[in-house]
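Chains as they are written, first to last, in my numbering: chain A, 1 to 290; chain B, 291 to 572; chain C, 573 to 933.
Ideal Cβ placement from N, Cα and C applies to all residues, glycine included.
Predicted model only: the values in this text are computed from it and were never measured.
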Amino acid sequence: MTQAHALARAPFDRTLLLVVPAAAFMLLLFIYPFLYGLGLSFEPKEGGALGNYSHFFTTDNLWPTIWTTLRLALPATLINVGLALPIAYKMRIKTRYQRWITTILVVPITLGTVLIAEGALTYFGPKGWLSQTLQLSHIYDGPIRLTHNYWGVLISLVISGFPFAFLLILSYITGIDPVLARAAATLGADPAAQFRHIYLPLLAPGLAMCFCLAFVQAFSVFPSAVLLGSPAGPTRVISIAAYEAAFEQYDYSLASAIAMIMGFVQLLIVAAVLGLRNLFYRGPVVGGKG
Amino acid sequence: MNPGVRAWLDRAWRGLLLGTMTLFVVNVALMIAAVATSSFARRWLGTWFPEGWTTNWYTAAWKEFQLDSVLWVTVEVVFAVVLLALVIGVPAAYTLARRNFLGKRALMLLFLLPLMVPPITYGIPLATVLYKAQLAGTIYGVILANLIPAAPFVILVMTPFIEQIDPNLESAARVFGANTARMFWHVLVPLLAPGILAASLLVLVRTIALFELTFLTAGPDSQTLVVALYYAVFAAGVRAPQSVDAMAMIYMIVTLVWLLIALRFVNPTQLVSRVKEQPLTA
Amino acid sequence: MKHDFQALRLDAVTRRFAGAGGKAFNALQELTLTIKRGEFIALLGPSGCGKSTALNCIAGLLPLSGGSIWLDATRIDTLPPEKRGFGMVFQNYALFPHMSVERNVGFGLRMRGAAGSEIARRVGRALKLVQLIGQEHKLPGQLSGGQQQRVAIARAIVIEPPLILMDEPLSNLDAKLRLETRSEIRRIHRELGRSTVYVTHDQDEALSLADRIVVMKDGVVQQIASPQEVYGEPANLAVARFMGYRNVLDMAIEAQNGDRVTLAAGNIRLIGARKQALVGERASVAIRPEEIALGEGPGGENTIAGHVDNVEYCGRDSLIDVMTPSGTRLHVRAPTHIALGESVHVHVPVERALVYADESA
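Given below as structure tokens:
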């Protein structure tokens with residue numbers, strides 16, 4: 001066991017102490033509450049240890065919230081990532097406009113979910129500018145209902161999520177050495193083939209990461225679902241259920257159980273995406289040794 | 291493929307992209323414009339433009355929602371979070387960038403997890419714990435809650451930044467006789483300054499906008515702007531929508547100013563955490 | 573895409589870039605060159621001389637600002653790189669990091685829609701040519717620098733291009749590997765009989781590899797000639813300096829007789845061979861250190877006296893500095909027994925003292 005011996009004899013590296021405050025902080029305020037909540041979820045007000053979970057999955061206004069949330073979060077994430085990928089790919093080439101366009105596309109990040117909800121109520125509402133314009137130009141004459149329903153929440157998720165997905169993908173794309181695409185071109189790959197054979201596989205890990213982070217945002221949708229959706233019906237998402245349990249019924253045990261279920265579904269999706277990602281190559285994105 | 295057809299497809303594709311981008315930007319801009327118009331409107335009911343203009347809603351919102359105290363709380367919370375996140379995060383990022391040790395991957399996971407889990411998931415148990423510790427409802431509770439995503443964010447932004455600084459510079463400082471503290475102060479801090487500035491501005495913008503955690507842990511006296519805004523909208527109907535719009539405008543301007551400052555110093559692509567992959571091959 | 577050609581013709585190829593302050597500068601100015609089938613051309617010059625720009629223009633990676641490129645009777649400078657069908661070896665190799673060696677090398681064939689069995693056969697042959705059998709399934713990140721380099725070469729030659737472009741392919745290798753790979757490149761070129769354009773800043777590489785060398789400086793061609801000619805008869809002072817004429821003396825013209833010029837500076841008198849039309853009263857003499865002989869010349873002509881001011885030991889011989897009484901420093905190759913401070917005479921052969929127009933003129 002020469003290795004263990006060498007480890008024992010090596011002087012302690014004090015630099016490692018620098019990571020201790022951060023680690024302690026995370027353990028105390030992230031891991032501990034999480035475990036506490038997990039424990040709490042098994043101590044329901046009534047029933048056995050699994051009482052909260054059986055309650056959740058047998059109550060009609062609780063368990064469907066999972067599907068309601070997924071029905072919003074998955075399309076929103078797919079739209080955001082699907083739109084962001086081609087636009088960011090187009091923006092990868094440095095031009096005079098690149099910085100301007102990225103800045104304009106970033107601005108909606110500052111809006112925050114509440115302002116988007118408020119703005120959408122005014123603008124996309126039945127008497128807002130959008131429906132007035134559509135009706136005036138006779139593009140669509142029927143009543144336009146984009147607020148207080150599923151579509152309102154979806155719109156707000158796209159507005160708040162797209163800039164984020166765009167920036168993340170852009171930073172991944174600009175990290176890929178453009179000389180690889182040039183090398184592919186000299187070997188006979190046209191622009192479409194360059195994207196398919198070079199950029200897409202190298203981007204796959206980044207796309208998976210982006211999908212996960214964008215999905216977290218959409219999955220935890222709360223303010224816009226309340227303000228812009230119909231929180232009693234088609235946009236009763238799981239975070240509303242958790243909030244009601246905690247702050248309207250003061251049942252922290254049930255609220256924790258719902259939070260745990262939420263985290264579990266989220267991690268299931270993340271694990272599935274990351275698992276898919278591992279089918280692709282992951283590693284350095286520059287060719288050869290720099 | 292026929293070159294003519296290909297050129298046409300190429301143009302169509304570019305047009306489609308440009309169209310989508312324009313559609314997005316125009317609608318968002320009009321949405322903001324609608325809020326702005328409404329906030330200055332005397333009365334605006336289903337017409338193209340309001341019947342008259344006024345700035346009264348701003349003064350009304352200011353008084354009604356006690357914006358002076360809300361803004362002050364926001365400033366306190368945001369700056370405390372930025373400062374503490376830097377103090378906790380930068381040293382940790384330094385260690386992660388410079389050392390390899392047992393459990394480094396687990397530690398990276400620990401720092402990545404809060405960004406990968408919806409805030410509500412850990413926010414509700416956290417609020418429960420904070421209530422037991424009698425910190426919930428106070429400004430300290432709000433600061434602690436906001437630090438949970440902020441500190442890992444600093445770590446994730448700073449680690450690649452520190453990695454790209456040549457370790458030989460530190461060695462050189464040591465060879466020329468600087469001890470750890472002097473090396474840190476004279477060599478590392480000046481080199482890290484741009485990264486620290488970027489990270490703090492990003493944390494600042496994100497903390498102003500972070501709704502869920504503040505919402506779950508704040509009491510009536512420790513609301514930040516975004517939560518106050520939520521309650522204002524939630525309780526709409528009682529109040530004129532224009533005063534809510536006025537408040538939303540104040541919120542947007544506060545965030546926008548900081549974002550524009552951030553964009554002067556930071557490449558937009560750094561605005562979101564650049565999660566660095568650990569390459570499998572050396 | 574053609575698989576063979578008689579001549580690739582560059583006609584006044586020019587490339588401008590936006591420089592500092594929005595002013596355009598010519599990175600490459602009116603390069604005119606005809607590359608014959610099977611020829612090995614080296615583009616040689618210091619960094620920033622436009623040689624890589626020229627290569628990228630031929631490859632189609634940079635659009636031209638002026639001029640044209642012709643493959644026999646076909647104009648190709650308007651074609652995108654993927655339609656030109658040239659093979660290219662990049663400076664940092666640009667291997668696709670997510671593909672195995674086999675897939676990297678086969679990429680060009682797949683893009684051409686070749687059949688699987690055909691791809692396997694040709695990739696195998698190319699890997700055999702660069703001696704990489706047994707590494708087929710490794711990723712580029714698992715290979716050494718020299719192996720990556722050979723993958724890059726295999727990837728370029730497997731498509732059997734009529735022309736192979738190489739951009740400083742040896743610059744990332746250590747000295748020993750560089751020599752080995754250099755011979756390898758020459759061998760592969762001979763075996764395939766294809767044309768090669770090779771960009772380098774190293775005159776040894778250019779001299780040992782090329783059939784013809786194009787010397788460039790500041791985007792302008794200085795000389796196009798055989799290695800022997802570029803080495804022995806540089807067209808101007810810039811080329812001479814670059815080719816290792818380390819002694820450049822600024823002297824006054826005393827007399828001209830045919831292409832023989834008599835020059836003087838201080839107490840030095842030299843007769844040299846004129847290589848350029850001279851204007852004014854001054855001229856520059858360029859002499860290689862290894863062409864200066866120790867000892868007096870016949871009749872004392874072209875002999876310079878001085879003392880040894882510096883000695884660099886080089887193994888087989890030494891590189892010494894001889895300081896003349898009037899303060900001129902000469903670099904001279906000398907036997908290793910010469911010691912610091914010794915008084916010596918050196919002799920410059922008339923044919924090897926090359927006289928060029930004065931630089932300041």
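Q) Terminal residues of the continuous beta strand (DSSP E) containing histidine 919 of chain C? A) 915-919
Q. Under the three-state reduction of DSSP, which class applies to tyrosine 803 of chain C: helix, strand or coil?
A. helix
Q) How would you list, in chain order, the residues of chain A whose beta-carbon sits under 8 Å from the beta-carbon of leucine 546 of chain B? A) Val107 and Thr110
Q: Please indicate yes or no: does the CB of glycine 37 of chain A lie closer than 7 Å to some heavy atom of the ligand NAD?
A: The model on display carries no ligand, and the ligand NAD is accordingly not part of it.
Q: Compile a chain-ordered list of the residues in the region 663-689 of chain C whose CB is closer than 7 Å to at least one CB of chain A.
A: Asn664, Tyr665, Ala666, Leu667, Phe668, Pro669, His670, Phe679, Gly680, Met683 and Arg684
Q) Can you name the start and end residues of the alpha helix (DSSP H) that alanine 387 of chain B belongs to? A) 357-388
Q. Helix, strand or coil: which one does DSSP assign to tyrosine 770 of chain C?
A. strand
(Q) Can you confirm whether alanine 382 of chain B, when its beta carbon is compared against all beta carbons of chain A, has any partner nearer than 8 Å? (A) yes
Q: Using a Cβ-Cβ cut-off of less than 8 Å, give me the residues of the region 82-95 of chain A that come near chain B, in sequence order.
A: Leu83, Pro86, Ile87 and Lys90
Q. Are the C-beta of phenylalanine 589 of chain C and some C-beta of chain A separated by less than 8 Å?
A. no
Q) What residue does the alpha helix (DSSP H) around threonine 174 of chain A start on, and which one ends it? A) 150-174
Q: Establish whether the CB of leucine 481 of chain B and some CB of chain A are separated by less than 8 Å.
A: no
(Q) Looking only at its chain, what residues have a beta carbon closer than 7 Å to the beta carbon of leucine 437 of chain B, apart from the 5 residues adjacent to it on each side? (A) Val371, Leu374 and Ala375
Q: Identify the contact partners of aspartate 190 of chain A in chain C, using a Cβ-Cβ distance below 7 Å as the criterion.
A: Glu654
Q: For alanine 877 of chain C, decide whether its Cβ has a neighbour in chain A, counting only Cβ atoms nearer than 8 Å.
A: no
**Q.** For tryptophan 642 of chain C, the residue or residues it bridges with in DSSP
**A.** C/Arg581 and C/Arg647
Q: Return the bridge partner residues of leucine 605 of chain C from the DSSP annotation.
A: C/Leu582
Q. Which residues in chain B sit within 9 Å of leucine 227 of chain A, going by Cβ to Cβ distance?
A. Tyr520, Val523, Phe524 and Ala526
Q: Return the CA-CA distance between valine 179 of chain A and leucine 667 of chain C, expressed in angstroms with no decimal places.
A: 9 Å
**Q.** Backbone CA spacing between lysine 710 of chain C and glycine 294 of chain B [nearest angstrom]
**A.** 41 Å
Q: Assuming glycine 427 of chain B contacts serine 512 of chain B (C-beta within less than 8 Å), just tell me the rounded distance between them.
A: 6 Å
Q.
Any beta carbon of chain A sitting closer than 8 Å to that of glycine 816 of chain C?
A. no
Q: Determine the burial state of glutamate 341 of chain B: buried for a count of at least 16 other Cβ atoms within 10 Å of its Cβ, exposed for fewer.
A: exposed
Q) Near glycine 51 of chain A, what residues of its chain come up, given a Cβ to Cβ distance below 6 Å and the 5 sequence neighbours on each side ignored? A) Pro44
Q: Return the chain-ordered list of same chain residues with a C-beta closer than 7 Å to the C-beta of proline 531 of chain B, the five sequence neighbours on each side being excluded.
A: Ser328
Q: State whether the region 93-106 of chain A contacts the region 508-524 of chain B, with contact taken as three or more CB pairs (one from each stretch) at a distance under 8 Å.
A: no
Q: Please state whether DSSP places valine 792 of chain C in a helix, a strand or coil.
A: strand
**Q.** Boundaries of the alpha helix (DSSP H) in which tyrosine 250 of chain A is found, first to last residue
**A.** Unbroken run through tyrosine 250 of chain A: none, as it is neither H nor E.
Q: Could you check what DSSP says for isoleucine 613 of chain C in three-state terms: helix, strand or coil?
A: strand
Q) So which residues on chain A does aspartate 535 of chain B lean against when the C-beta distance must stay under 9 Å? A) Glu118, Gly119 and Thr122
Q: Would you check if there are 3 or more beta carbon pairs closer than 8 Å linking the region 167-179 of chain A to the region 134-153 of chain A?
A: no
Q. Leaving out five residues before and five after isoleucine 414 of chain B in sequence, what residues of the same chain have Cβ atoms less than 8 Å from its Cβ?
A. Leu506
Q.
Taking CB distances under 8 Å as the criterion, tell me whether alanine 698 of chain C reaches chain A.
A. no
Q) Can you tell me whether glutamate 654 of chain C is buried or exposed, with buried defined as 16 or more other CB within 10 angstroms of its CB? A) buried
**Q.** glutamate 777 of chain C, enclosing alpha helix (DSSP H) - first and last residue
**A.** 775-781
Q. Which value, in whole angstroms, describes the spacing of the CA atoms of isoleucine 757 of chain C and phenylalanine 466 of chain B?
A. 46 Å
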